[in-house]
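S.K.:
Numbering (mature numbering (1 follows the signal peptide of the UniProt record, and there is no 0)), first residue to last: -18 to -1, 1 to 367.
#1: Could you tell me if residue 46 is buried or exposed, where buried requires 16 or more neighbouring beta carbons within 10 angstroms of its beta carbon?
#2: Using three-state DSSP, classify residue 172 as helix, strand or coil.
#3: Give the single residue among 36, 37 and 42 whose Cα lies nearest to the Cα of residue 26.
#4: With contact counted as at least three CB pairs below 8 Å, one residue from each stretch, are the stretch 307 to 319 and the stretch 332 to 347 in contact?
#5: Excluding the 5 residues flanking residue -12 on each side, which residues of the same chain have their C-beta closer than 8 Å to its C-beta?
#6: Less than 9 Å separating the beta-carbons of residue 281 and residue 289?
#7: Do you know offhand how far residue 4's Cα is from residue 37's?
#8: State yes or no: is the beta carbon of residue 321 nearer than 9 Å to at least one beta carbon in chain D?
#9: At what residues does the beta strand (DSSP E) containing residue 86 begin and finish?
#10: The beta strand (DSSP E) spanning residue 183 covers which residue range?
#11: Residues in the same chain with beta-carbon distance under 7 Å from residue 297, minus the five sequence neighbours each way, listed in chain order, please.
#12: Please list, in chain order, all residues of the same chain as residue 272 whose beta carbon is under 7 Å from its beta carbon, the five residues on each side excluded.
#13: Helix, strand or coil for residue 256, going by three-state DSSP, please let me know.
#14: From 228, 12 and 168, pick the residue whose C-alpha is nearest to that of residue 182; which is it?
#15: In its own chain, which residues sit with a C-beta less than 8 Å from the C-beta of residue -5, not counting the 5 before and 5 after it?
#16: Note down, in chain order, each residue of its chain lying with its Cβ closer than 7 Å to the Cβ of residue 222, except the 5 sequence neighbours on either side.
#17: Going by beta carbon distance, what residues of the same chain come within less than 6 Å of residue 274, once the five residues before and after it are set aside?
#18: Apart from the five residues on each side of it in sequence, which residues of its chain come closer than 6 Å, Cβ to Cβ, to residue 342?
#19: When you compare the CB positions of residue 261 and residue 187, do they come within less than 9 Å of one another, or not?
#20: Residue 299 by DSSP, collapsed to three states: which one?
#21: Do residue 30 and residue -10 have their beta-carbon atoms positioned less than 9 Å apart in this structure?
#22: Residue 87 to residue 49, Cα distance in whole Å?
#23: Taking the continuous beta strand (DSSP E) assigned at residue 163, which residues delimit it?
#24: Can you grab the Cα-Cα spacing for the pair residue 7 / residue 35, in whole Å?
#25: Do residue 257 and residue 269 have their C-beta atoms within less than 9 Å of each other?
#26: Could you tell me the alpha carbon to alpha carbon distance between residue 53 and residue 172, rounded to whole angstroms?
#27: With DSSP collapsed to three states, give me the class of residue 10.
#28: Pull up the DSSP beta-bridge partners for residue 291, would you.
#29: Report all residues from its chain with a CB closer than 7 Å to the CB of residue 162; omit the five preceding and five following residues, and keep chain order.
#30: Might you give, ordered along the chain, the residues of its own chain that have their beta carbon closer than 7 Å to the beta carbon of residue 152, omitting 5 neighbours on each side?
#31: Tell me whether residue 66 is buried or exposed, calling it buried when 16 or more other Cβ atoms sit within 10 Å of its Cβ.
#32: Helix, strand or coil for residue -9 per DSSP?
#33: Report the three-state DSSP secondary structure of residue 53 (helix, strand or coil).
#34: Using the C-alpha atoms, what's the distance from residue 17 back to residue 74?
#35: Just the Cα atoms here: how many angstroms apart are residue 285 and residue 144?
#36: Measure how close the beta-carbons of residue 369 and residue 249 come, nearest whole angstrom, since I'm counting them as under 8 Å.
Put into structure tokens, the structure is as follows:
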């Protein structure tokens, strides 16, 4: 009986909110007589008879209190097991919903018989004391403690240091050579810039210096017979510097891209090959060749599977990191391919051209699958998932 009363009230209120009026009246007339004998329950049961709309519920503070709070019902373990069997035996979705949302079941362990106590070797006094229900927590004290913790957290935020910004902004002032491109690594620790004097400069954004791993040959420092060793050059290699100059291109550098794990850097230039720079040794280790004219842009697919480049030769080309020759050639533009961008799923490649078109290519098949027209000059391509 202690469970049936709140279950009946909550089921009736749910029917008022979502069920037809005839269903509400039928449910009430069928089950309300079970609770009229109890004086403490009679007032609520009679109030439910005149409750037909949601406004009736909201206007009565007792019914509104039912919806705003959970009702705690104590059940013996045997009764709880019977309830579970009943709920599993038939379609009792409405009852399960009420029990999950509005009723808290406090299951009391079943009292053991004298024979069970004797068989287990325990005393009746110790066993009975362990079966006593725990003290009911005081919600007022709990709320006060939670409010105190919240106020302490607010004070710590006010008195603590200001939070770091979520935007990284860097500016280049008075560059001696024309700056063509700049790129920040995904972890915001490295900044790469390509210049007209054919070099790529790499900065360490935090205070950590850039140190080169041991290597036999540095292609950025091939000395002639008449050359001399610059003072402090070996010292820089051992101690590290905040900026590294990557030399290898023989023309203006137009674009640079970091790998997803920031272990390498790709750059393209007027000299046609796309160069891969190892960011452990800071030397050029791979040349991806195929374009016959200057390469304007380079992009790396998600998960660093493929490389794409757009060139003055009116084509875009696709490489894999383990092949230095192009795997696909995307031909169809009538002028320079100025920018390239992979789709997040790596299955498509978007290209923008001076011919005022944007093309979407199938990365695997090599054919054009979309040709949206662009009326403005030189489209800038970006893709979204």
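Virtual Cβ for every residue (Gly too), placed ideally from N, Cα, C.
M.R.: On the basis of the data shown:
#1: exposed
#2: strand
#3: 42
#4: Yes, the stretch 307 to 319 touches the stretch 332 to 347.
#5: By the criterion of a C-beta distance shorter than 8 Å, residue -12 is surrounded in its chain by 77, 80, 81 and 85, once the five residues flanking it on both sides are discounted.
#6: yes
#7: If you take the alpha carbons of residue 4 and residue 37, they lie about 18 Å apart.
#8: Judged by its chain identifiers, the structure shown contains no chain D, having just a single protein chain.
#9: 85 to 90
#10: 181 to 186
#11: 311, 312, 313 and 319
#12: 299, 307 and 308
#13: Residue 256 carries a strand assignment under DSSP once its states are collapsed to helix, strand and coil.
#14: 228
#15: 76, 79 and 80
#16: 191, 192 and 193
#17: 295
#18: 330, 332, 351 and 352
#19: no
#20: If DSSP states are grouped into helix, strand and coil, residue 299 belongs with the strands.
#21: yes
#22: 16 Å
#23: 161 to 166
#24: 12 Å
#25: yes
#26: 58 Å
#27: helix
#28: 280 and 299
#29: 176, 177, 178, 234, 235 and 236
#30: 173
#31: exposed
#32: helix
#33: Residue 53: strand per DSSP, three-state reduction.
#34: 21 Å
#35: 35 Å
#36: Nothing about residue 369 can be reported from this structure: the residues present for the chain run from -18 to 367 only.
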